[in-house]
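First comes the structure, then the notes that go with it.
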Amino acid sequence: MDAPQDIRLLLSVLIPLVGAGLVMATGRKPNLREACSLAAAVGLFGTVAALIPAVLAGEIPRFTLFELLPGLSFTLRADALSMIFAVVASFLWVLTVFYSAGYMRSLEEHAQTRFNTCFALALFGAIGCAFSDNLLTLYLFYEIVSIGTYPLVAHHQDKEGYEGGRKYLTYLTTAAKGLILPAMVLIYVLSGTLDFATNMHTGILPAGVHNGVIVALYICCILGFAKNGVMPLHNWLPSAMVAPTPVSALLHAVAVVKVGVFSTVRVMLHVFGVDLMASHNLGLPTAWFVSITILVGSIVALSKDNLKARLAYSTVSQLSYIILGVALLTPTGIEGGLFHIAAHAFSKITLFFCAGAIYVVTHKKNISELGGLGRQMPWTFAAFAIAALSMIGAPPVAGFTSKLFLLVGALDAGSITILAVLIGSSLLNAAYFAPVVYHAFYGKPSPAAADHGHASPAGHEAPHTGEAPLTMLIPLCLTAVISVVLGVYPGLIMGFVEGVLK
Numbered sequence: 002m003d004a005p006q007d008i009r010l011l012l013s014v015l016i017p018l019v020g021a022g023l024v025m026a027t028g029r030k031p032n033l034r035e036a037c038s039l040a041a042a043v044g045l046f047g048t049v050a051a052l053i054p055a056v057l058a059g060e061i062p063r064f065t066l067f068e069l070l071p072g073l074s075f076t077l078r079a080d081a082l083s084m085i086f087a088v089v090a091s092f093l094w095v096l097t098v099f100y101s102a103g104y105m106r107s108l109e110e111h112a113q114t115r116f117n118t119c120f121a122l123a124l125f126g127a128i129g130c131a132f133s134d135n136l137l138t139l140y141l142f143y144e145i146v147s148i149g150t151y152p153l154v155a156h157h158q159d160k161e162g163y164e165g166g167r168k169y170l171t172y173l174t175t176a177a178k179g180l181i182l183p184a185m186v187l188i189y190v191l192s193g194t195l196d197f198a199t200n201m202h203t204g205i206l207p208a209g210v211h212n213g214v215i216v217a218l219y220i221c222c223i224l225g226f227a228k229n230g231v232m233p234l235h236n237w238l239p240s241a242m243v244a245p246t247p248v249s250a251l252l253h254a255v256a257v258v259k260v261g262v263f264s265t266v267r268v269m270l271h272v273f274g275v276d277l278m279a280s281h282n283l284g285l286p287t288a289w290f291v292s293i294t295i296l297v298g299s300i301v302a303l304s305k306d307n308l309k310a311r312l313a314y315s316t317v318s319q320l321s322y323i324i325l326g327v328a329l330l331t332p333t334g335i336e337g338g339l340f341h342i343a344a345h346a347f348s349k350i351t352l353f354f355c356a357g358a359i360y361v362v363t364h365k366k367n368i369s370e371l372g373g374l375g376r377q378m379p380w381t382f383a384a385f386a387i388a389a390l391s392m393i394g395a396p397p398v399a400g401f402t403s404k405l406f407l408l409v410g411a412l413d414a415g416s417i418t419i420l421a422v423l424i425g426s427s428l429l430n431a432a433y434f435a436p437v438v439y440h441a442f443y444g445k446p447s448p449a450a451a452d453h454g455h456a457s458p459a460g461h462e463a464p465h466t467g468e469a470p471l472t473m474l475i476p477l478c479l480t481a482v483i484s485v486v487l488g489v490y491p492g493l494i495m496g497f498v499e500g501v502l503k
């Protein structure tokens with residue numbers, strides 16, 4: 002049952018855009034500026050949350066702004082898949098507003114107004130992608146995310162920042178324009194519409210299309226949404242680590258990479274559809290292809306001493322679990338992939354929040370320099386340990402649930418290869434996360450760390466425990482706790498996941 006012209010969808014997209022304008026207008030008053038960011042974040046989450054009962058009841062609210070041609074319109078919709086992404090992204094924006102204020106003020110970062118403005122614009126694009134009803138609307142918002150987040154990547158305005166930003170923008174916009182645009186034109190010519198199918202089985206491509214055309218379109222869509230971090234178009238992601246840590250958290254947990262995997266999954270399920278993918282044998286080959294990213298990303302992460310670089314390659318690896326789960330084309334596998342959207346978001350943002358807290362207190366970036374810091378910053382490293390367990394797939398954290406479903410999905414698909422990839426990658430996850438936690442709690446402090454004391458780089462005295470300011474500590478503890486809650490009560494997300502499968 003549809004509920005057309007639901008104004009809440011338009012409001013969900015407009016709130017972060019208006020928030021960006023208010024942040025710019027109040028830039029000379031930092032407290033008011035942050036209040037505007039917080040008001041926009043809370044308003045967005047409240048509006049998205051108001052859609053939950055209708056979507057869980059099976060409704061698909063829609064709002065059409067204009068129509069260019071039959072089957073070619075600017076339309077928003079909220080379905081079960083939309084809500085997985087929109088609820089997670091809007092909620093995490095609220096916590097990130099607090100965290101960013103603590104981080105940016107502690108380090109006395111420049112251009113904080115521009116930073117907060119672009120942050121709101123990133124959420125404007127991300128929520129637009131989540132609520133897109135067709136491939137045209139999705140593409141437009143996808144490009145908004147790319148352009149709106151460039152200033153965040155190049156925030157420091159130094160040589161490294163500009164090089165990272167240039168690579169970021171080049172990879173993402175070139176892939177989208179060179180692969181998604183032509184695929185979109187051909188899909189419209191073949192099917193007469195770009196509207197997503199209402200269920201995951203049918204897709205929109207008509208019967209009788211040549212197998213080679215289907216495969217070519219599919220490859221363009223998988224690689225064209227390069228924000229999904231799939232190799233070989235992944236290198237923008239570690240290069241973007243030159244950005245401030247709140248930006249890294251946004252890139253790796255909330256907006257950018259989740260826009261990539263969400264868009265990829267949306268096209269797999271609602272443009273091609275499970276039945277067509279199965280009939281053209283696109284499922285397991287896709288799973289095998291992204292398995293390379295899962296394994297190689299984990300191996301590269303093992304070699305990185307820089308904490309953010311290790312987390313970046315962990316993201317490259319972990320994102321492909323989502324695509325792999327959907328590519329298995331089994332109900333349990335798809336459930337595991339979709340649940341991992343939320344599991345990864347809360348766990349990975351915790352890890353980056355912790356990395357930022359460590360940097361604010363100690364000014365240290367490398368794992369080899371973290372010896373003994375777990376005893377000085379117990380809350381931060383406890384949260385890091387919980388999130389790391391989720392990435393590894395250990396109970397009772399959220400990552401255990403998603404990996405369990407993925408393992409069962411691989412068995413249902415009859416693929417021992419994928420089963421081995423999932424087990425092997427989890428061992429690699431443990432290999433690159435466990436040393437960080439062990440070194441922090443049981444390693445010896447470096448002489449530099451001992452000399453540094455407990456003062457933050459900006460000269461602010463940290464609390465007696467040596468922790469970061471509460472504006473940073475509370476959000477990272479909350480995201481860690483939620484990771485556990487989702488592991489113990491997966492039904493909080495599974496209601497939407499099961500709605501996708503109907």
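Just so we're aligned, residue 2 is where the sequence shown starts under my numbering, counting upward by one. Beta carbons: idealized from backbone N, C-alpha and C, even for Gly. Nothing here was measured: the structure is a model prediction, and the numbers come from that model.
Under the DSSP assignment, Ser299 falls in the alpha helix (DSSP H) whose first and last residues are Gly284 to Leu303. Distances from the CA of Val14 to each of Arg63, Pro183, Thr363 and Asp159 were compared; the closest alpha carbon is that of Arg63.
Residue range Leu73 to Arg78 is occupied by the beta strand (DSSP E) that includes Thr76. Three or more Cβ pairs closer than 8 Å define a contact, and the region 310-328 meets that threshold against the region 293-300. Contact annotation: Leu374 and Leu308 have beta-carbon atoms that are not nearer than 9 Å.
Two segments are said to touch when three or more pairs of C-beta atoms, one from each, lie closer than 8 Å; by this definition the region 132-145 does not touch the region 90-101. Pairing Met278 with Lys168, the inter-Cα distance amounts to about 33 Å. DSSP places Ile61 within a strand segment (E or B) once states are collapsed to three. In the structure shown, the three-state DSSP call for Ser427 is helix.
If the five residues before and after Ser91 are omitted, its C-beta is found closer than 6 Å to the C-beta atoms of Leu45, Phe46 and Val49, all from its own chain and listed in chain order. In the structure shown, the three-state DSSP call for Phe116 is helix. Pairing Val88 with Ser416, the inter-Cα distance amounts to about 33 Å.
Taking C-beta separations shorter than 6 Å and ignoring five residues to either side along the sequence, the partners of Phe125 in its chain run Pro17 and Leu18, following chain order. At the C-beta level, Ala123 and Ala241 stay beyond 9 Å of one another. DSSP places Glu68 within a strand segment (E or B) once states are collapsed to three. For Ser133, the pairing in a beta bridge is given by DSSP as Leu77.
Take Phe442, set aside five residues on each side of it, and the residues of its chain with a beta-carbon closer than 6 Å to its own are Gly375, in chain order. With a 10 Å radius around the Cβ and a threshold of 16 neighbouring Cβ atoms, Gly204 comes out buried. Runs of the alpha helix (DSSP H) lying entirely within the region 382-421, each at least 4 residues long, are 399-414 in chain order.
Cβ contact annotation for Phe354 (same chain, cutoff 8 Å, sequence separation greater than five): Tyr100, Thr246, Ala250, Ala384, Met473, Pro476, Leu477 and Thr480, in chain order. In the structure shown, Asp276 falls within a helical segment according to DSSP collapsed to helix, strand and coil. Following the DSSP letters along the chain, one finds Ala241 in no alpha helix (DSSP H), marked with neither H nor E. Asp196 has Asn135 as its beta-bridge partners, per DSSP. Nearest to Leu329 by alpha-carbon distance, out of Leu420, Leu33, His364 and Pro397, is Leu420.
Per DSSP, Thr480 is one residue of the alpha helix (DSSP H) stretching across Leu471 to Val489. If you compare the alpha carbons of Ser427, Ala389 and Thr418 with that of Leu405, the shortest gap goes to Ser427. By the neighbour-count definition (other C-beta atoms within 10 Å, threshold 16), Leu471 is an exposed residue.
For Pro396, same chain residues with a beta-carbon under 7 Å away, outside a window of 5 residues either side, are Gly488 in chain order. Taking all protein chains in view, the Cβ of Asn117 is crowded by 16 or more other Cβ atoms within 10 Å, so the residue is classified as buried.
Residue environment: Glu109 is assigned as exposed (fewer than 16 neighbouring CB atoms within 10 Å of its CB, all protein chains considered). Nearest neighbour of Leu283 by Cα position, chosen from Ser264, Arg311, Thr294 and Ile324, turns out to be Ile324.
Within its own chain, the residues whose Cβ lies closer than 7 Å to the Cβ of Arg34, once the five positions on either side in sequence are excluded, are Val24, Thr27, Gly28, Thr114 and Asn117, listed in chain order. Only residues of its own chain outside the window of five on either side were considered, and among them Val486 and Leu487 have a CB closer than 8 Å to the CB of Leu493, listed in chain order. Between Leu303 and Ala432 the beta-carbon gap is near 6 Å, inside 8 Å, which marks them as a contact. Excluding residues up to 5 positions away in sequence, Arg311 lie with their Cβ nearer than 6 Å to the Cβ of Lys305 in the same chain. Within the region 335-380, the runs of alpha helix (DSSP H) that reach at least 4 residues and sit entirely inside it are, in chain order, 374-377.
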